[in-house]
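Enquirer: So that you can map any letter, position 53 of the sequence shown is 53 in this note's numbering, and since no number is skipped, the others follow by simple counting. We put the CB at the ideal spot given by N, CA and C, even for glycine.
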Amino acid sequence: MSKIKGLIKRQISNQYIVMDLDTKTEYNSLASGKLRYVRVDEKSSFNVPYGRGTKREQKTMQISPKVGDIVDLELIEDQAMIENIRPRKNDLIRPDVANVDQVLLVFSATRPEFSFNLLDKFLVILNEQNLDIILLVSKIDLVDEQDLETLKTKLNYYEEKTNLEIYYVNSKQRVGFDILEHIFKDKITVLAGQTGVGKSTLLNALIPELSIKTQEISEALGRGKHTTRHSELYDFKGGYICDTPGFSRVEINIFEKEDLKLYYKDFVELSYDCKFSSCNHINEPGCAVKEALENGEIPRERYDNYLLFFEEILKKKDRF
Ligand code: ZN
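Next up, the structure:
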């Protein structure tokens, strides 16, 4: 019997592909029945510590391993068993991945047209989950030089005021790839973005052997066509890229409208000069955000999107 520290790279029903972090050997593993149990608050479904009194009903639940988990593996004869899941740095539900380091947000320069509303929405959602974000603008070959410059100028604001790292690529000709590759090192990167922005083209251009490899895995497991129903980690430049069907439906899940402003790094920076510390930057007097808006220091569109999301949260709350 030997013990191994591994990373779950793929899950197919009750089987996990776990990679030995030292030797890089991959094991087809099962989850042990004695994985640790946690108490779950039935009503809110949040984990609560042992012993804390609450009127809500509690039940004990088993934690299931998931892609991205660091686990302790035991080899019992020929079968690899996951005996323990190491504490997670973060735990996403959609996509279903643990220990994500960063999200590569893919937006096309055109087809579909670049949407600042969607960008602002993604930034709120990802900031709320405390994830590092990198923006990748794809299909730059499909817009003329001047339109690309206009887009770049608009995005400059995000680079300067929200510390967003931005890359511009053309996946088909691999333009912009050389300066992109370093971002993946030692990290689990999840791709996100709406359908049609070229996530698959990008992934296949970054990892050309991917389409062949997934086919082989599918065949080895007696499956026909490869489907991205499950999340999966691919080795890339010293890190891992997660191919996932998640982030397809983007919805702001913030419940309190007052919390929205916390996920606008540029607003937070200005808010120290607001007259009221509780300022929501809507119509309060002495608001530094509104002042910056009037002075043209914040793009009108970004502020308008903020108002839209604020209204969205208000409406959602009314339904409860
Ligand atoms: Zn304000």
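1. Is Cys242 near the ligand ZN - that is, is its Cβ less than 7 Å away from at least one heavy atom of it?
2. Between Phe310, Asp186 and Glu160, which lies nearest to Glu256 when the distance is taken from Cα to Cα?
3. Which of the three DSSP states, helix, strand or coil, is assigned to Asn84?
4. Reducing DSSP to helix, strand and coil, say where Gln79 ends up.
5. Candidates Arg319, Leu314, Asp304 and Lys317: which alpha carbon is nearest Asn117's?
6. The ligand ZN and Glu284: does the residue's C-beta get closer than 7 Å to at least one heavy atom of that ligand?
7. Can you give the Cα-Cα distance for Tyr158 and Lys265, rounded to whole angstroms?
8. Assuming Ser138 contacts Ser108 under a Cβ cut-off of 8 Å, what Cβ separation, rounded to an integer in Å, is found between them?
9. Please state the DSSP three-state secondary structure of Ser138.
10. Is DSSP giving Tyr158 helix, strand or coil here?
11. Distance, Cα to Cα, Leu131 vs Glu165?
12. What do you get for Leu119, buried or exposed, if any count of 16 or more other CB atoms within 10 angstroms of its CB means buried?
13. Leaving out five residues on either side along the sequence, give the residues of the same chain with a beta carbon under 8 Å from the beta carbon of Leu30.
14. Alpha carbon to alpha carbon, how far is Leu210 from Glu149?
15. If you draw a straight line from the C-alpha of Pro112 to the C-alpha of Val197, how long is it?
16. Ile4 by DSSP, collapsed to three states: which one?
17. From which residue to which residue does the alpha helix (DSSP H) around Asn117 run?
Expert: According to the structure shown:
1. The answer is no for Cys242.
2. Distances from the CA of Glu256 to each of Phe310, Asp186 and Glu160 were compared; the closest alpha carbon is that of Phe310.
3. Asn84 carries a strand assignment under DSSP once its states are collapsed to helix, strand and coil.
4. Note: Gln79 maps to strand in three-state DSSP.
5. Ranking Arg319, Leu314, Asp304 and Lys317 by Cα distance to Asn117 puts Asp304 first.
6. A distance criterion of 7 Å places the beta-carbon of Glu284 in contact range of the ligand ZN, judged by its closest non-hydrogen atom.
7. Taking the CA atoms as reference points, Tyr158 sits about 10 Å from Lys265.
8. Yes, Ser138 and Ser108 are in contact; Cβ-Cβ is about 5 Å, under 8 Å.
9. Residue state for Ser138 is assigned as strand, using DSSP reduced to three classes.
10. Helix, per DSSP.
11. Each residue's alpha carbon lies about 13 Å from the other.
12. Leu119 comes out buried.
13. Here the set comprises Asn14, Gln15, Tyr16, Gln79, Ala80, Met81 and Ile82.
14. Those two C-alpha atoms are separated by around 33 Å.
15. Whole-angstrom Cα-Cα distance: 7 Å.
16. It is a strand residue.
17. Run containing Asn117: Phe116 to Glu128, per the alpha helix (DSSP H) assignment.
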